[in-house]
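Following: one structure in structure tokens, then a few remarks.
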Amino acid sequence: MEINKQETHAYELDFPIGNHEIVIYRRYEFFYILNDVFIGILFVVGSILFLWEATTLTGIWLFIIGSALFLVRPTLQFSKKIHLKQINQKKSD
43 MEINKQETHA YELDFPIGNH EIVIYRRYEF FYILNDVFIG ILFVVGSILF LWEATTLTGI
103 WLFIIGSALF LVRPTLQFSK KIHLKQINQK KSD
């Protein structure tokens, strides 16, 4: 894994795989979207599990986990702002 810096101060993650490479631009936005998709899946599956009494407890746990993942959203935004602050401080040195 390699991190490249572009002129726009946006970082990208490179994952070399043989002759190919997976590139993730704007990694914070990528993880923010990935988190939202995961939360959505948990809530949909949790809602379906509420349809049967035997699986209600599992549905409750999925709702709890999904709700906790809502805390990841501001954490990612906070991390991005701190990371950009560090970049600006290093550049001025």
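For the sequence shown, our numbering begins at 43 and goes up steadily by one.
Quick reminder that beta carbons are idealized off the backbone N, C-alpha and C, glycines included.
Within the continuous beta strand (DSSP E) that includes E71, where are the two ends?
As a first step, residue 71 is located in the sequence shown; it is residue number 29 there, counting from the start. DSSP places E71 in no beta strand (DSSP E) but in the uninterrupted alpha helix (DSSP H) bounded by 69-91.
Where do the N-terminal and C-terminal ends of the alpha helix (DSSP H) with F105 fall, by residue?
Locating residue 105 in the sequence shown gives position 63, where the first residue counts as 1. Judged by DSSP secondary structure, F105 falls within the alpha helix (DSSP H) whose first and last residues are 98-111.
Would you mind sorting G101 into buried or exposed? The rule is 16 or more other CB atoms within 10 Å of its CB.
Looking up residue 101 in the sequence shown gives position 59. Per the 10 Å Cβ criterion, buried.
Would G60 and L84 qualify as a contact pair, given that the criterion is a beta-carbon distance under 7 Å?
Within the sequence shown, numbered from 1, the residue matching residue 60 stands at position 18. Within the sequence shown, numbered from 1, the residue matching residue 84 stands at position 42. With contacts defined by Cβ atoms closer than 7 Å, G60 and L84 do not form a contacting pair.
Which whole-angstrom value describes the C-beta separation of L111 and I75, a residue pair presumed to lie in contact below a C-beta threshold of 8 Å?
Residue 111 sits at position 69 when you count from the first residue of the sequence shown. Residue 75 sits at position 33 when you count from the first residue of the sequence shown. Going by Cβ atoms, the distance from L111 to I75 rounds to 13 Å, so no, they are not a contact pair.
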